[in-house]
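>
Given below as structure tokens:
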């Protein structure tokens, strides 16, 4: 044999000699049963819990969504406070379009014919005055409504308040109607069109399902039991599903969430991926811990008189903002999470012999016999190592 | 030796005696090859697939983004139906600002000089009447346009309909121009500024890249081939990249997604993290399964006449809503997913001896010899255990 | 014994014979220490890093949120350029309501009394002309302001420009006030109500915390040190926390992010899940790489004169858009990630004997003795396998 051949042989031995543990086969029903049972538990956990319940073999992606809404309905108001008036979509939806929410006006405080001028402040402890000395020109109280001019004027026959520079007459927002003006809004309907994408899976879907036809859409209305896939919702129904009363909520306004859950298992036939609707009030209705309860905002319509003077109608709009919140996670089989979870489970399989061995040498009847055959104690002068220390 | 010393020694033996499997080295090329090859497969899987392809060693975060848009362009319309009119940004972008979408008006039905009054309904099977008996005072048909006054009036020389209380004259939205009014909108451009954050990695970036200078931005226009990083888009180009025709889409409106994908691998030089633009129509253009195809909404401009009467111009606005949808996941090396994935892969390495042992005792030529040396059967009276049962 | 009994016995042996590795116990302090120390390292890693630091035992969910904002404050402007004017919320918040951002007007270029007519272009190299031959009827320059009529008119005593059909007079937006008009906006306050949900954990929370009462909310103002949970923010404070100067930013506008981080560990008492506020400018303030620096948009107020002619006031609004960006990930103990991470860690425990064995046969003093007892070399005529090849 040449030298290189010997070297090569050593390499082959090094690389390809296979080192395998010597094993002892023990025909013990008890130990065998413990071993198989432990194995069974681990396999059951992997199959039953990780795979079936938690779907840990799936890769996941979160939803991307677009929403358009279209409200339908009209109302006629005729209360003692206000003139008779007819309301349609262009009047009560503010702003006219938005991307995933819409606001329905239900109540309001209107202050018409405001112009830039001066007028006495609304009476309050900080604004009442006796004479001009109580008012400071140029002062602006954050809780007030304008810049003081330094004069003290008669607000009414009984009260004198500092005059302010502001849009006059001032808004008196304490006179909010107790019954919402547009209570008829409860019968308005809204069509919600929602289109979603799971970009990782290149999966697109709409909430108007393929099997839904045009004539059905013209007459249907969402109902959890009879029409769970109709995308047309009656506002009253939304509010009552959220556990609220429309009449109550309409007075001071509020924020209501229309939640669309697109959680899907894309391993199954994709047609099974359906939106699930739920409704929840998002602001706090309880007056405790609450400044400015409900939901309102101010906006103005500006007019120009013939002489060029600008007047405005200030509207403090109370109403319900409906937020369409789309969420969801889709899962689809993917090799990486599968491998990771299987690998983690395999680790537990490697615990099985540890359990069985422990049972073998401590609990089985013939433990001494098994121990003697399984374990060799290397005793010859090895003890000296320990003896040195002790 | 004292008693405590003996106790201490027993503890040392318990804690530090090392129990290692007895092994058998088998110089078989076949078995060795099977062993090494299986090992190689597992290592290749870990390195090649988990690390390189799936980047399983990375921790991930999803993008947080802000968008501002600015449309430029003007148009002149002069059709037989409408007066000649010049349109600029303040006229056709509604509402004037929004956070991640913008609406470009392309077509409309204008109903000027509406006032709160009464007028006969638009003719339809449910509104035509013969005399006042067909109309019920106070009835409001959801498909109608107002509250019935109980009178039956002449709508035209041929048709009589119930009179309603509403904004009159009523809108006739069936007369939608067949050619979009603002077809010139296709040449408008939009500048999209997008700033993103990956909070977990404290990574911020904008879609106006560092190497882009101001003079380039003044003249550039997005083009997938020549200017892939220019944030200025021609509307026509967006629509055609989405596979649609601007002229068609402009008539009835629609929703178009401008998708910006910020998926990034932050392990590499961060400068390589670039936005990828794509475009997709988000509403369903096919008329089937579609109520209210396209995209439109109504809004009104309110005017006050000299005598204080409020009039409005109702506009049913058709147009394209462009939704800027920003998404993406960034990954960066992190020790936890690395350890988890390596651990899972190691589990598979622990399977390798199982495979090799199985090959050893079933397929190799000298399986009897190997089995005899590897495995000891504990037979002495152990069988009795089974014999008891059988 | 019958045949079936023998068959059954073979099956029992097959299923329940327990095969366990023969082991060798080595009483070596060195090897034992290496073994225990390596074990200790792995356990420390699992307990310390994976569990405590990275909370890898938790399942996570991302936040879903709703925001409402309400700005308070008023201002009075009286500069040489403009008429004295009083501003309140309805004037400076545009649009009046939005879902997670609000725009505060701080500066503007107003062009009142625009009507559809024709007027000479603003002078620029491309619009100046000598006579009508320089102007082409119907041409619309994208950088211009209207459709050319083909006439060359006197813009001023020194300049002649092409006449255009447009809203006239044209806006001259180069005359932006150097000091922001509404500098007083820095003292406006905003109340941000934010309600969040982690749908996977059915966890809801608001940024107005349970222990906050109504009287506190009426007077508090956010301050990182003294009032970290007050949801009322002074605009000046927001801007300065973002490292910007309000006066500077107000001139040309900008986009400012109010980031609310709801990252929570839901394993602890849920009351500890608190919002963390931070502020960051989102647009690029540096003029380099910047077309249209700052943030502005155009909108118009439309008026109708007594004779029915429509006029408008065009406003180029500069201001600060505050984007409320809510993000966060909640974690809660879940069995699947726990199992996966423990499993992965167990894999590393299975590496420990490999390390100890390697130490045993290469570094320990009695390595020859140990090797001899541990490993059996199967040499009898096995070498022939290799000999055949070499």
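Chains as they are written, first to last, in the numbering used here: chain A, 20 to 409; chain Z, 20 to 409; chain V, 20 to 409. Yeah, the Cβ is synthetic: ideal placement off N, Cα and C, and Gly gets one too.
(1) Name the DSSP bridge partner or partners of residue 133 (chain Z)?
(2) Quick one: residues in its chain with C-beta nearer than 6 Å to the C-beta of residue 88 (chain Z), no 5 flanking neighbours on either side, listed in chain order?
(3) Could you tell me whether any Cβ in chain Z is nearer than 8 Å to the Cβ of residue 376 (chain V)?
(4) In the DSSP assignment, find the alpha helix (DSSP H) that holds residue 315 (chain Z) and state where it starts and stops.
(5) For residue 205 (chain V), decide whether its Cβ has a neighbour in chain A, counting only Cβ atoms nearer than 8 Å.
(6) So, is the C-beta of residue 359 (chain V) closer than 8 Å to a C-beta in chain A?
(7) Under 8 Å, Cβ to Cβ, is there at least one residue of chain Z near residue 46 (chain A)?
(8) Whole angstroms is fine: what's the gap from residue 233 (chain A)'s alpha carbon to residue 173 (chain V)'s?
(9) Quick one: grab the DSSP three-state call for residue 75 (chain A).
(10) Below 8 Å on the Cβ atoms is my guess for residue 278 (chain V) versus residue 299 (chain V); work out the distance and round it to an integer in Å.
(11) What are the residues in the segment 48 to 61 of chain V lying within 7 Å of chain Z by C-beta distance?
(12) So that I know if they touch, is there some Cβ in chain A lying closer than 8 Å to that of residue 240 (chain V)?
(13) When DSSP labels each residue in this structure, what does residue 80 (chain Z) get in the three-state scheme?
(14) Verify whether the separation of the beta carbon atoms of residue 318 (chain A) and residue 191 (chain A) is less than 8 Å.
(15) Between which two residues does the alpha helix (DSSP H) carrying residue 372 (chain A) extend?
(16) Identify, in the order they occur along the chain, each residue of the same chain with its Cβ nearer than 6 Å to the Cβ of residue 98 (chain Z), setting aside the five sequence neighbours on each side.
(17) Is the separation between the beta-carbon of residue 144 (chain A) and that of residue 180 (chain A) shorter than 8 Å?
(18) Determine the direct distance from the alpha carbon of residue 227 (chain V) to that of residue 281 (chain V), and round the result to whole angstroms.
(19) By the three-class DSSP mapping on this structure, what secondary structure does residue 160 (chain A) have?
(20) Would a check of beta-carbon distances place residue 344 (chain V) closer than 8 Å to chain Z?
(21) Might you give, ordered along the chain, the residues of its own chain that have their beta carbon closer than 8 Å to the beta carbon of residue 155 (chain A), omitting 5 neighbours on each side?
(22) On the three-state DSSP scale, how would you describe residue 201 (chain V)?
(23) Can you find a CB in chain Z that lies within less than 8 Å of the CB of residue 84 (chain V)?
(24) Any contact between the segment 122 to 134 of chain Z and the segment 193 to 205 of chain Z? By contact I mean 3 or more CB pairs, one from each, below 8 Å.
(25) Buried or exposed, going by whether 16 or more other CB atoms sit within 10 Å of the CB of residue 205 (chain A)?
(26) Please decide whether residue 212 (chain V) counts as near chain A, where near means a Cβ-Cβ distance under 8 Å.
(27) Consider the Cβ of residue 104 (chain V): report whether some Cβ of chain A lies at a distance smaller than 8 Å.
(28) Rounded to whole angstroms, what's the CA-CA distance from residue 150 (chain V) to residue 178 (chain V)? Just pull it up for me.
(29) Excluding the five sequence neighbours on either side, which residues of its own chain have a C-beta within less than 6 Å of the C-beta of residue 405 (chain V), listed in chain order?
(30) CA-CA distance, residue 235 (chain V) and residue 296 (chain V)?
(31) Which one of A:215, A:37, A:105 and A:171 has the shortest CA to CA distance from residue 85 (chain A)?
(32) Between the segment 215 to 227 of chain V and chain A, which residues of the former have CB atoms less than 9 Å from a CB of the latter, in chain order?
(33) Quick one: what does DSSP say residue 256 (chain Z) is sitting in, helix, strand or coil?
(34) Can you confirm whether the segment 380 to 390 of chain A touches the segment 43 to 56 of chain A when touching is taken to mean that 3 or more C-beta pairs between the two stretches lie within less than 8 Å?
(35) Please state the DSSP three-state secondary structure of residue 122 (chain A).
(36) Would residue 322 (chain Z) and residue 314 (chain V) be called neighbours here (beta carbons separated by less than 8 Å)?
Walking through what the data contain:
(1) Position 114 of the second chain, counted from the start, is the residue given in the question as residue 133 (chain Z). DSSP, once it has assigned bridges, lists Z:331 as partnering residue 133 (chain Z).
(2) If you number the second chain from 1, residue 88 (chain Z) lands on position 69. Correct list, in chain order: 121, 209 and 211.
(3) Here residue 376 (chain V) is taken as the residue at index 357 of the third chain, counted from 1. Output row for residue 376 (chain V): interface = yes.
(4) Taking the second chain and counting its residues from 1, the one referred to as residue 315 (chain Z) is at position 296. Element bounds for residue 315 (chain Z): not the alpha helix (DSSP H) but the beta strand (DSSP E), 315 to 323.
(5) Taking the first residue of the third chain as position 1, residue 205 (chain V) is located at position 186. Residue 205 (chain V) is outside the set of residues whose beta carbon lies under 8 Å from a beta carbon in chain A.
(6) Mapped onto the third chain, residue 359 (chain V) falls at position 340. Under the 8 Å criterion on CB atoms, residue 359 (chain V) is classed as interfacial with respect to chain A.
(7) Here residue 46 (chain A) refers to the residue found at position 27 of the first chain. Residue-level contact by beta carbon holds for residue 46 (chain A) and chain Z, with a gap shorter than 8 Å.
(8) The residue given as residue 233 (chain A) occupies position 214 in the first chain. The residue given as residue 173 (chain V) occupies position 154 in the third chain. Using only the alpha carbons, I get a separation of about 60 Å.
(9) Sequence index remark: in the first chain, residue 75 (chain A) carries index 56 (1-based). Residue 75 (chain A) falls in the coil class under three-state DSSP.
(10) As a position in the third chain, residue 278 (chain V) is number 259, starting the count at 1. As a position in the third chain, residue 299 (chain V) is number 280, starting the count at 1. Yes, residue 278 (chain V) and residue 299 (chain V) are in contact; Cβ-Cβ is about 6 Å, under 8 Å.
(11) Per Cβ criterion, the list reads 48, 50, 51, 52, 54 and 55.
(12) Numbered from its first residue, the third chain carries residue 240 (chain V) at position 221. No, no contact with chain A.
(13) As a first step, residue 80 (chain Z) must be located in the second chain, where it is residue number 61. The DSSP-derived three-state label of residue 80 (chain Z) is strand.
(14) Counting from one through the first chain, the residue named residue 318 (chain A) turns up at place 299. Counting from one through the first chain, the residue named residue 191 (chain A) turns up at place 172. Taking 8 Å as the cut-off, the beta carbon of residue 318 (chain A) is found no closer than this to the beta carbon of residue 191 (chain A).
(15) If you number the first chain from 1, residue 372 (chain A) lands on position 353. Here the alpha helix (DSSP H) through residue 372 (chain A) covers 371 to 381.
(16) In the second chain, the residue the question calls residue 98 (chain Z) occupies position 79. Nothing meets the Cβ criterion.
(17) As a position in the first chain, residue 144 (chain A) is number 125, starting the count at 1. As a position in the first chain, residue 180 (chain A) is number 161, starting the count at 1. Taking 8 Å as the Cβ cut-off, residue 144 (chain A) and residue 180 (chain A) do not qualify as a contacting pair.
(18) For the purposes of this step, residue 281 (chain V) is identified with residue 262 of the third chain, where counting begins at 1. For the purposes of this step, residue 227 (chain V) is identified with residue 208 of the third chain, where counting begins at 1. So the two alpha carbons sit approximately 13 Å from each other.
(19) Residue mapping note: residue 160 (chain A) aligns to position 141 of the first chain, counting from 1. In the three-state reduction of the DSSP assignment, residue 160 (chain A) falls in the coil class, being assigned neither a helical nor a strand state.
(20) On the third chain, position 325 is the one that residue 344 (chain V) refers to. Residue contact check for residue 344 (chain V) against chain Z: a CB pair falls below 8 Å.
(21) As a working mapping, residue 155 (chain A) is identified with position 136 in the first chain. Within the same chain, residue 155 (chain A) has close Cβ partners 167 and 169.
(22) Against the third chain, residue 201 (chain V) aligns to sequence position 182. When secondary structure is reduced to three states using DSSP, residue 201 (chain V) falls in the coil class, being assigned neither helix nor strand.
(23) By one-based count along the third chain, residue 84 (chain V) stands at place 65. Not closer than 8 Å to any Cβ of chain Z, the Cβ of residue 84 (chain V) fails to qualify, so no.
(24) Using a C-beta cut-off of 8 Å, the segment 122 to 134 of chain Z makes contact with the segment 193 to 205 of chain Z, since at least three inter-stretch Cβ pairs fall below that distance.
(25) Within the first chain, the letter at position 186 stands for residue 205 (chain A). Buried is the call here.
(26) Taking the first residue of the third chain as position 1, residue 212 (chain V) is located at position 193. Taking Cβ atoms only, chain A reaches closer than 8 Å to residue 212 (chain V), which makes this a yes.
(27) Sequence index remark: in the third chain, residue 104 (chain V) carries index 85 (1-based). Yes, residue 104 (chain V) counts as interfacial toward chain A.
(28) Start at 1 with the first residue of the third chain, and residue 150 (chain V) comes out as number 131. Start at 1 with the first residue of the third chain, and residue 178 (chain V) comes out as number 159. Distance from the CA atom of residue 150 (chain V) to the CA atom of residue 178 (chain V), rounded to whole angstroms, is 12 Å.
(29) Locating residue 405 (chain V) in the third chain gives position 386, counting from the first residue. Below a pLDDT of 50, predicted positions are generally treated as unreliable, and residue 405 (chain V), at 46, falls in that range; the measurement from the model is reported next regardless. Result list for residue 405 (chain V): empty, nothing under 6 Å.
(30) As a working mapping, residue 235 (chain V) is identified with position 216 in the third chain. As a working mapping, residue 296 (chain V) is identified with position 277 in the third chain. Straight-line Cα distance between these residues: approximately 19 Å.
(31) The residue you call residue 85 (chain A) lines up with position 66 of the first chain. Ranking the options by Cα distance to residue 85 (chain A), first place goes to A:215.
(32) Result list: 216, 218, 219, 223, 225 and 227.
(33) Position 237 of the second chain holds residue 256 (chain Z). Under the three-state reduction of DSSP, residue 256 (chain Z) is assigned to helix.
(34) Between the segment 43 to 56 of chain A and the segment 380 to 390 of chain A there are three or more C-beta pairs closer than 8 Å, enough to call the two in contact.
(35) For the purposes of this step, residue 122 (chain A) is taken as the residue at position 103 of the first chain. In the three-state DSSP reduction, residue 122 (chain A) falls in the strand class (E or B).
(36) Within the second chain, the letter at position 303 stands for residue 322 (chain Z). Within the third chain, the letter at position 295 stands for residue 314 (chain V). Using a Cβ distance threshold of 8 Å, residue 322 (chain Z) and residue 314 (chain V) do not count as a contacting pair.
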